[in-house]
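The listed protein sequences derive, respectively, from chains A and B. Each step along the first sequence adds one to the number in the numbering used here, with nothing skipped, and position 88 is 131. Each step along the second sequence adds one to the number in the numbering used here, with nothing skipped, and position 40 is 267.
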Amino acid sequence: DTGVSQDPRHKITKRGQNVTFRCDPISEHNRLYWYRQTLGQGPEFLTYFQNEAQLEKSRLLSDRFSAERPKGSFSTLEIQRTEQGDSAMYLCASRSTGPTNTEAFFGQGTRLTVV
Amino acid sequence: QKEVEQNSGPLSVPEGAIASLNCTYSDRGSQSFFWYRQYSGKSPELIMFIYSNGDKEDGRFTAQLNKASQYVSLLIRDSQPSDSATYLCAVLAYKLSFGAGTTVTVRA
């Protein structure tokens, strides 16, 4: 499978717990993006990486959210002390910044439900 | 002002008709423009991309870009019930930003 892979696909957690999601991008893609999407809305930008460097983090993202891409390959998104408002689909996308390929491809997403 | 705005839906068209979707963006430095299709409960799927002013056709889909007007559109010709989905406009400057989406329903 050469597509973007996200794990887990679904996560149900109790309020106050920490959760971590993983994204494995397409192998040659150097850019990796995290988005959050709630019902009826478009994907909301959270953060993105160029290789292992985190280049931007949305101001909408509280300190409870952190993301890493330690070796420039897979990435993790952690949410600490989850709140009910964190319930959403978390999407990962990757792309290459080479001159012939700038399209971003999405993984299947991780659906988080905080109860 | 939102970075990417799409015409509000939902949009209902009869089978075989043309569905027209519009999108405007605020960052004049935007370089690339994409249309994604998203079925309910699924992740977005890329259907079209356009980088230069003018039209780009791919099967029943035509994307149009006018950078001077900061406007991009998508036409779906001969609409089919399987085209019923939410269509997301995405704009790439230094990051990829999305509109809220327009939901299209094709009536059989």
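The beta carbon of each residue, even a glycine, is placed where N, CA and C say it ideally should be. Keep in mind that this is a model prediction, so the values were computed, not measured.
Chain-order list of residues whose beta-carbon lies under 8 Å from that of residue i (same chain, five-residue window excluded)
i	result
residue 46 of chain A	69, 148 and 150
residue 237 of chain B	329, 330, 331 and 332
residue 265 of chain B	271, 272, 312, 313, 314, 315 and 328
Chain B contact residues for residue i, given Cβ-Cβ distances below 8 Å
i	result
residue 84 of chain A	327 and 328
residue 96 of chain A	The contacting residues do not exist; residue 96 of chain A stays about 13 Å from chain B at best.
Amino acids of chain A, ordered along the chain, whose beta-carbon sits closer than 8 Å to that of residue i
i	result
residue 301 of chain B	Result: empty, since nearest Cβ-Cβ is about 15 Å, beyond 8 Å.
9 Å Cβ cutoff met for residue i and residue j
i	j	result
residue 116 of chain A	residue 74 of chain A	no
residue 313 of chain B	residue 302 of chain B	no
residue 126 of chain A	residue 276 of chain B	no
residue 319 of chain B	residue 259 of chain B	yes
residue 324 of chain B	residue 88 of chain A	yes
residue 86 of chain A	residue 155 of chain A	no
residue 132 of chain A	residue 97 of chain A	no
residue 299 of chain B	residue 291 of chain B	yes
residue 245 of chain B	residue 262 of chain B	no
residue 158 of chain A	residue 52 of chain A	no
Partner residues on chain B for residue i, Cβ-Cβ distance less than 7 Å
i	result
residue 91 of chain A	322
residue 146 of chain A	261, 273 and 276
Partner residues on chain A for residue i, Cβ-Cβ distance less than 7 Å
i	result
residue 238 of chain B	Those within 7 Å of residue 238 of chain B in chain A number zero; the least Cβ separation is about 15 Å.
Beta-carbon proximity list for residue i, same chain, < 6 Å, skipping 5 on both sides
i	result
residue 119 of chain A	63, 65 and 111
residue 121 of chain A	63 and 109
residue 278 of chain B	259
residue 283 of chain B	277 and 290
residue 72 of chain A	137, 138 and 139
Contacts of residue i in chain B (Cβ-Cβ under 9 Å)
i	result
residue 151 of chain A	269 and 270
residue 134 of chain A	270 and 271
Chain A residues whose Cβ lies nearer than 9 Å to that of residue i
i	result
residue 315 of chain B	85 and 86
Same chain only: Cβ atoms within 7 Å of residue i, ignoring 5 sequence neighbours per side
i	result
residue 123 of chain A	61 and 107
residue 243 of chain B	305 and 306
residue 234 of chain B	248, 249 and 329
residue 287 of chain B	303, 304 and 305
residue 239 of chain B	332 and 334
| message | Output needed in chain order: residues of the region 257-285 of chain B with a Cβ under 7 Å from some Cβ in chain A. | response | From the region 257-285 of chain B, only 259, 261, 270, 271, 273 and 276 have a Cβ closer than 7 Å to chain A.
| task | Taking 8 Å as the threshold, find out whether the region 48-68 of chain A comes into contact with the region 281-300 of chain B through three or more Cβ pairs. | result | no
| chain B contacts made by the region 97-127 of chain A, where a contact means CB separation under 7 Å | Look at the region 97-127 of chain A: the residues with a C-beta under 7 Å from a C-beta of chain B are 99.
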